[in-house]
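Step one of this worksheet: look at the structure below.
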Amino acid sequence: MQPEEKTDRENLIAIQSDIYLLSIIGEVEGHEALADRAKATRYEHILPNLAKAEDNKNIRGILILLNTVGGDVEAGLAIAEMIASMSKPTVSLVLGGGHSIGVPLAVSADYSLIVPSATMVIHPVRQNGMFIGVAQSYRNMEKTQDRITEFVSSHSGISQKRLEELMLDTRTLVKDVGTLLDGREAVQEGLIDEVGGISRALEKLHELMGDAENRM
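Per my numbering, the very first residue in the sequence shown carries number 3; after that it's consecutive.
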């Protein structure tokens, strides 16, 4: 095994000569910088490194660890689309939480896992800052929400209709509309593929890497 490689302030590190680890933690930062003390995943670090990993012939697979409260929709979807479009096998593991925009990030991998104690919060799109209360604003929010639900349903086993039902549930969250799912419930809903931890995630990634080689 080669020594671990890491570049300052990057979330993508080598844990093995042919496997890269991507960590998505805290809040997904968008075009506006968060406070210095905030734990954040910055998409401008993630996207170029994923492109480098895709082009690196020595890298055969990517493991994605998630513990995120969500964050910027555009940045989160950009990362999720990048992961989903990679030719290298990808496996995601939700640890702690995969909330809000963390949901499409979790399902963007070829195979997704979640530990039993982790949770995922599904809720409608929110608007920060000034909001102009006109019909066009609501339509734009609906379009953004449709982009998220279509992506999640196309990369997991949950239907878009069921996802929207969970988003609009008024019985679960105290201060918001939506649903909180624990690890087993996320699997039962078809959102995540399997309940499991790091050993199972690496086992599945090695399995997918072997399958990819056999197809070559």
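Just so you know, even glycine gets a beta-carbon here, dropped at the ideal spot from N, CA and C.
Can you look up residue i in the DSSP assignment and give me helix, strand or coil?
i	result
SER155	helix
SER201	helix
VAL179	coil
GLU7	With a pLDDT of only 48 at GLU7, under 50, the local geometry of the prediction cannot be trusted, and the value read off the model is given with reservation. Reduced to three states, the DSSP call for GLU7 is strand.
GLY104	helix
VAL127	coil
ASP213	helix
ASP184	strand
GLU196	strand
LEU170	coil
GLU144	helix
ILE150	helix
ASN13	coil
Would residue i pass as a contact of residue j if the rule is Cβ separation under 8 Å?
i	j	result
ILE116	ILE194	yes
VAL127	ALA77	no
ILE21	ARG62	yes
VAL105	MET84	no
THR2	VAL75	As shown, the chain starts at 3 and ends at 218. That puts residue 2 outside it, with no answer to give.
SER19	ASN60	yes
ASP41	GLY32	Correcting the residue identity first, residue 41 is Lys in this sequence and not Asp. Result no, Cβ atoms of LYS41 and GLY32 do not sit closer than 8 Å.
LEU170	VAL154	no
GLU46	SER89	no
With residue i and residue j assumed to form a contact (beta carbons below 8 Å), what rounded beta-carbon distance in angstroms separates them?
i	j	result
ALA120	GLY100	7 Å
ALA111	ILE66	6 Å
LEU68	LEU107	6 Å
ARG186	PRO118	6 Å
ILE124	THR181	5 Å
LEU210	TYR113	7 Å
Mind listing, in chain order, the continuous beta strand (DSSP E) runs of no fewer than 3 residues lying wholly within the stretch 20-58?
21-31, 42-44
Mind the definition here: the stretch 91-109 touches the stretch 171-178 only if three or more C-beta pairs lie below 8 Å; say whether that holds.
no
Does the pairing of the stretch 151-167 with the stretch 191-210 give three or more beta-carbon distances under 8 Å?
yes
Ignoring anything shorter than 3 residues, give me the beta strand (DSSP E) runs that lie fully in the stretch 59-122, in order along the chain.
63-73, 92-100, 113-116
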